[in-house]
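Reading through the structure tokens given below for one structure.
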Amino acid sequence: MALDAAIGIGEEATYGTPAESTIGYEGKADSWKVAKEFIESVGFRRGMQTARADRRNIIQMGGEGELEVDLLDVGAAALLSAAFDKHTFTDTGNTRVHTFETATVSGAPSWTAQMIRPTVEGTEVAYRHVGCVATEWELTAETENAVTLNVSFDFQDVSHSTAPAEALPIDYPADARPYDWSRTALTLTRAAPPWRWTRRSSP
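Residue numbering for the sequence shown follows the working numbering, beginning at 461 and increasing consecutively.
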């Protein structure tokens, strides 16, 4: 991955309307790709049976991508609120307690995901994916490793630009530490859904 690559997500006020800024994440891979459907007209007439190039329709089907990161104690709330149906928090002194829950009806917002990819010539291209909705997520905690969070998204559409002024600003946490396996605890209780997961961090 080139050093100038970057990825960030920002909450959308309206589905499919780009966010005005993004929160930057230190992604581990770039897997964002579009999905297209090609519909061709095939038939025969006298002396000919062919697929007509002038009758080929390309249908934009949105696309998909995922964001895999080490889970940090600052800045992860946006990504987790995309993964869960409900997000609330309370502040007590210098501690902020985030609560993420599943629900019968999701209240999670849609997101804009911006991936900046440099070309071989060094030009930065900003790919803006709008209407991103999380489809699945996975938390992994292994000994001798940081806790990783992987969130998969479907998106509505994507556009790109090489103009620096059109790239959304990316805000990275000023100071953050990754959770490792020694700072992680999982409690299982027998309960009916929806389920709840709580994370503590500095505000």
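Ideal placement from N, C-alpha and C gives every residue a C-beta, glycine not left out.
Practice item. State the DSSP-derived secondary structure class of leucine 609, mapped to helix, strand or coil. Key: Strand at leucine 609.
Fill in: Outcome for isoleucine 499 when other beta-carbon atoms lying within 10 angstroms are tallied against a minimum of 16
With fewer than 16 other CB atoms across the displayed protein chains lying within 10 angstroms of its CB, isoleucine 499 is exposed.
query = Quick one, which of Gly535, Thr482, Glu497 has its alpha-carbon nearest isoleucine 518's?
reply = Selected option, being the one with the closest Cα: Glu497.
Is it buried or exposed, aspartate 530, if we count other Cβ atoms within 10 angstroms and call 16 or more buried?
Burial is judged here by how many other beta carbons sit within 10 angstroms of a residue's own beta carbon; aspartate 530 has at least 16 and is buried.
Practice item. List in chain order: all unbroken beta strand (DSSP E) runs of 3+ residues lying wholly within the stretch 547-632. Key: Counting only runs that start and end inside the stretch 547-632, the beta strand (DSSP E) elements of at least 3 residues fall at 555-561, 571-578, 584-600, 608-615, 617-621.
**Request:** Could you tell me which of Pro478, Thr559, Glu526 sits nearest to alanine 594, measuring between CA atoms?
**Result:** Checked all of Pro478, Thr559, Glu526; the closest Cα to alanine 594 is Glu526.
Across the stretch 630-646 and the stretch 553-560, are there enough close Cβ pairs to call them in contact, namely three or more that are closer than 8 Å? Segments in contact, no.
Own chain residues within Cβ distance below 7 Å of valine 611, not counting five before or after
For valine 611, where only same-chain residues beyond five positions count, the Cβ hits under 7 Å are Glu526, Leu527, Leu539, Ala542, Ala543, Ala594, Trp597.
Requested in this report: Could you tell me whether the stretch 602-610 touches the stretch 564-582, using the rule of 3 or more Cβ pairs below 8 Å?
Outcome: Flag = no, the stretch 602-610 and the stretch 564-582 do not touch.
Using 8 Å for Cβ pairs, my map puts alanine 568 next to histidine 589. What's the rounded Cβ distance?
Under the criterion of beta carbons closer than 8 Å, alanine 568 and histidine 589 do not qualify as touching, at roughly 16 Å.
Output the residue ranges of the alpha helix (DSSP H) runs that lie fully inside the stretch 493-555 and measure 4 residues or longer, sorted by chain position. With a minimum length of 4 residues, the continuous alpha helix (DSSP H) runs that stay inside the stretch 493-555 are 537-543.
Taking glycine 484 as the reference, give the member of Ala465, Phe615, Ser501, Asp545 with the closest Cα.
-> It is Ala465 whose Cα lies nearest to the Cα of glycine 484.
Worksheet entry | Distance between glutamine 509 and serine 570 (C-alpha atoms, nearest Å) | In a straight line, the C-alpha of serine 570 is about 46 Å away from that of glutamine 509.
Discussion item. Is it buried or exposed, tyrosine 587, if we count other Cβ atoms within 10 angstroms and call 16 or more buried?
Written reply: Counting the other Cβ atoms within 10 Å of the Cβ of tyrosine 587 gives 16 or more, which makes it buried.
**Prompt:** Who does proline 638 pair with in a DSSP beta bridge?
**Reply:** Paired residue(s): Leu532.
Assuming valine 534 and alanine 636 are in contact, meaning their beta carbons sit under 8 Å apart, how far apart are those beta carbons, in whole angstroms?
Going by Cβ atoms, the distance from valine 534 to alanine 636 rounds to 4 Å, so yes, they are a contact pair.
**OP:** Can you say whether glycine 476 is buried or exposed, counting buried as having 16 or more other CB atoms within 10 angstroms of its CB?
**Re:** When all chains shown are included, glycine 476 counts as exposed.
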